[in-house]
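Asks: Have a look at this one before I ask anything.
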Amino acid sequence: RWRYVEMPVCLLVSEDDSHKPIQLHPQQPVTLGRGPQTKIKDKKCSREQVELRADCSRGFITVKQLGVNPTSVDDVVVGKDNQVTIKPGQRLYLVNQQYPYRVKFTEDTSTPRSAADLTTPSKRPHQMIREKIKSPANPASTPHTDHHRMSDDSPPPKKTLPSESDKSILVFQGSAGHWSQGLKVSMQDPKMQVYKDDRVVVIKDKYPKARYHWLVLPWDSISSLKALRSEHVELLKHMQRVGDQMVQQCPDAHKLSFRLGYHAIPSMSHVHLHVISQDFDSPCLKNKKHWNSFTTDYFVESQDVIAMLEHDGKVTVKDGTSELLKLPLRCCFCHKEQPTIPKLKEHLKTHLPS
DNA sequence: GTTCTAGAAC
DNA sequence: GTTCTAGAAC
Numbered sequence: 001r002w003r004y005v006e007m008p009v010c011l012l013v014s015e016d017d018s019h020k021p022i023q024l025h026p027q028q029p030v031t032l033g034r035g036p037q038t039k040i041k042d043k044k045c046s047r048e049q050v051e052l053r054a055d056c057s058r059g060f061i062t063v064k065q066l067g068v069n070p071t072s073v074d075d076v077v078v079g080k081d082n083q084v085t086i087k088p089g090q091r092l093y094l095v096n097q098q099y100p101y102r103v104k105f106t107e108d109t110s111t112p113r114s115a116a117d118l119t120t121p122s123k124r125p126h127q128m129i130r131e132k133i134k135s136p137a138n139p140a141s142t143p144h145t146d147h148h149r150m151s152d153d154s155p156p157p158k159k160t161l162p163s164e165s166d167k168s169i170l171v172f173q174g175s176a177g178h179w180s181q182g183l184k185v186s187m188q189d190p191k192m193q194v195y196k197d198d199r200v201v202v203i204k205d206k207y208p209k210a211r212y213h214w215l216v217l218p219w220d221s222i223s224s225l226k227a228l229r230s231e232h233v234e235l236l237k238h239m240q241r242v243g244d245q246m247v248q249q250c251p252d253a254h255k256l257s258f259r260l261g262y263h264a265i266p267s268m269s270h271v272h273l274h275v276i277s278q279d280f281d282s283p284c285l286k287n288k289k290h291w292n293s294f295t296t297d298y299f300v301e302s303q304d305v306i307a308m309l310e311h312d313g314k315v316t317v318k319d320g321t322s323e324l325l326k327l328p329l330r331c332c333f334c335h336k337e338q339p340t341i342p343k344l345k346e347h348l349k350t351h352l353p354s
């Protein structure tokens with residue numbers, strides 16, 4: 001059956017609020033250990049004891065032991081540099097069978113920020129994500145019509161009684177997230193938003209391919225360029241205006257040039273306008289696909305998309321566009337071919353503003 | 001989309 | 001031997 005739910009979020013929550021919830025972003029590893037974040041002072045626990053990674057689409061978390069002393073899942077020691085998964089019901093002990101955490105699947109939306117969002121009058125229905133709950137595959141997040149609170153869940157049986165400050169719960173919210181839906185999650189996250197109005201929101205690209213790289217997204221869910229029609233022209237013009245504003249407020253706008261456009265065949269769902277500075281000076285630019293997606297006709301200028309929409313009532317992508325990603329690496333300024341990405345990056349420095 | 005890694009390229 | 005990429009896995 002169908003239900004409105006928040007997009008999946010993964011939080012590391014201290015049960016007694018001894019430390020603030022730590023959000024685990026899908027596929028972005030989080031390192032955890034002794035330190036102010038966990039309030040753990042035990043020297044046996046490394047400052048980088050474990051690396052946690054949330055796999056939203058499959059509904060589990062992987063833990064890698066980085067520290068020397070044993071991290072364990074239930075009573076099985078992970079072992080240094082080894083990696084195991086934590087599934088619902090299992091307990092993670094950061095070190096020496098101490099500092100237990102628990103994996104828990106929930107559709108809980110009672111976290112302060114989400115609760116505020118849900119009750120804010122301006123929150124419009126289309127800002128909620130409609131998704132199907134797959135009951136058999138996801139037993140822990142099923143049929144609760146009412147929001148259940150974390151504190152309502154009975155604590156797991158304990159052999160040894162840790163002090164109250166040691167108790168924490170690893171909360172995994174939702175499970176129907178897939179990497180291609182990541183923009184829908186990010187655009188709803190106030191921490192990611194750098195601008196918003198009644199029609200659009202701007203976020204920083206999570207893996208910027210240049211010094212400045214923003215994404216302008218409409219609140220209205222438009223899956224891709226293919227779904228665009230004449231009625232969207234005004235929206236797209238607004239997106240471009242907002243993109244131009246982002247450039248204007250950029251402290252380096254005077255020395256960098258920018259391009260505004262769309263990927264002809266984007267990987268991520270939900271129409272998004274790239275606003276990207278043309279330095280391409282970023283450690284996240286790593287391969288041929290990255291380069292060619294911004295420097296060939298794979299990158300379609302915003303104004304061209306708008307013109308096409310005004311002229312034809314729809315946006316079409318030329319045949320063979322996907323092959324553009326495999327073209328040799330060519331400098332976008334002097335058009336000199338470069339043999340490898342590292343050589344290209346070295347070459348690009350010669351075009352940087354001095 | 002990113003990460004990881006085998007094996008190609010050097 | 002190291003660097004780098006392409007494709008699989010996620």
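Take the UniProt record's numbering: the last position of the first sequence gets the number 354, and nothing is skipped along the way.
Idealized CB from N, CA, C, for every residue including glycine.
1) Can you tell me whether Val200 is helix, strand or coil according to DSSP?
2) Specify, as a first and last residue, the run of the beta strand (DSSP E) that Trp291 falls within.
3) At which residues does the alpha helix (DSSP H) containing residue 355 begin and terminate?
4) When DSSP builds the beta bridges, which residues end up paired with Phe280?
5) Assuming Ile276 and Thr321 make a contact with CB atoms under 8 Å, what is their CB distance in whole Å?
6) Which word fits Trp214, buried or exposed, when buried means at least 16 other C-beta atoms lie within 10 angstroms of its C-beta?
7) Taking all protein chains shown into account, decide if Tyr207 is buried (16 or more other Cβ within 10 angstroms of its Cβ) or exposed.
8) Please report the straight-line C-alpha distance between Met187 and Val317, rounded to a whole angstrom.
9) May I ask you to verify whether the stretch 346-354 touches the stretch 277-289, counting CB pairs closer than 8 Å and requiring at least 3?
10) If contacts are defined as beta-carbon pairs under 8 Å, then Val76 and Gln65 qualify, I think. What distance do you get, rounded to the angstrom?
11) With burial defined as no fewer than 16 other Cβ atoms inside 10 Å of the residue's Cβ, what is the status of Ser46: buried or exposed?
12) Evaluate Leu352 with the Cβ neighbour count: other Cβ atoms within 10 Å of its Cβ, from every protein chain shown; 16 or more gives buried, anything less gives exposed.
13) Report buried or exposed for Asn82, applying the criterion of at least 16 other Cβ atoms within 10 angstroms of its Cβ.
14) Excluding the 5 residues flanking Leu285 on each side, which residues of the same chain have their C-beta closer than 7 Å to its C-beta?
15) Do you know offhand how far Gly35's Cα is from Ala54's?
16) Using CA coordinates, which residue listed in Leu225, Arg330 and Gln245 is at the minimum distance from Lys289?
17) Distance, Cα to Cα, Tyr101 vs Thr31?
18) Once DSSP output is grouped into helix, strand and coil, what is the label at Pro218?
19) On the DSSP letters alone, give me the boundaries of the alpha helix (DSSP H) that Arg241 sits inside.
20) Going by CA-CA distance only, name the one from Lys80, Ile222 and Thr85 that's closest to Val200.
21) What's the C-alpha gap between Phe299 and His274?
Replies: The answer reads as follows:
1) Looking at Val200 - three-state DSSP - the assignment turns out to be strand.
2) No beta strand (DSSP E) holds Trp291; the alpha helix (DSSP H) holding it covers Lys288 to Thr295.
3) Nothing in the structure corresponds to residue 355, since the chain is present only between 1 and 354.
4) Checking the DSSP bridge columns, you'll see Phe280 has no partner listed.
5) Going by Cβ atoms, the distance from Ile276 to Thr321 rounds to 19 Å, so no, they are not a contact pair.
6) In summary, Trp214 is buried, with 16 or more beta-carbon neighbours lying within 10 Å of its beta-carbon over all protein chains present.
7) Tyr207 counts as exposed, since fewer than 16 other C-beta atoms from the protein chains shown sit within 10 angstroms of its C-beta.
8) Going from the Cα of Met187 to the Cα of Val317 covers about 26 Å.
9) In this structure the stretch 346-354 lies against the stretch 277-289, because at least three pairs of beta carbons, one per stretch, are closer than 8 Å.
10) Contact doesn't hold; Cβ gap of about 11 Å is too wide.
11) When all chains shown are included, Ser46 counts as buried.
12) Residue burial is scored here from C-beta neighbours: Leu352 has fewer than 16 other C-beta atoms within 10 angstroms and is therefore classed as exposed.
13) Residue environment for Asn82: exposed (fewer than 16 other C-beta atoms within 10 angstroms of its C-beta).
14) Excluding sequence neighbours, Leu285 sits near Lys209 and Trp291.
15) Those two C-alpha atoms are separated by around 21 Å.
16) Minimum Cα distance to Lys289 is reached at Arg330.
17) In a straight line, the C-alpha of Tyr101 is about 15 Å away from that of Thr31.
18) Residue state, collapsed to three classes: strand.
19) Per DSSP, Arg241 belongs to the alpha helix (DSSP H) from Val233 to Gln248.
20) Closest by C-alpha distance to Val200, out of Lys80, Ile222 and Thr85, is Ile222.
21) Computed Cα separation, rounded: 9 Å.
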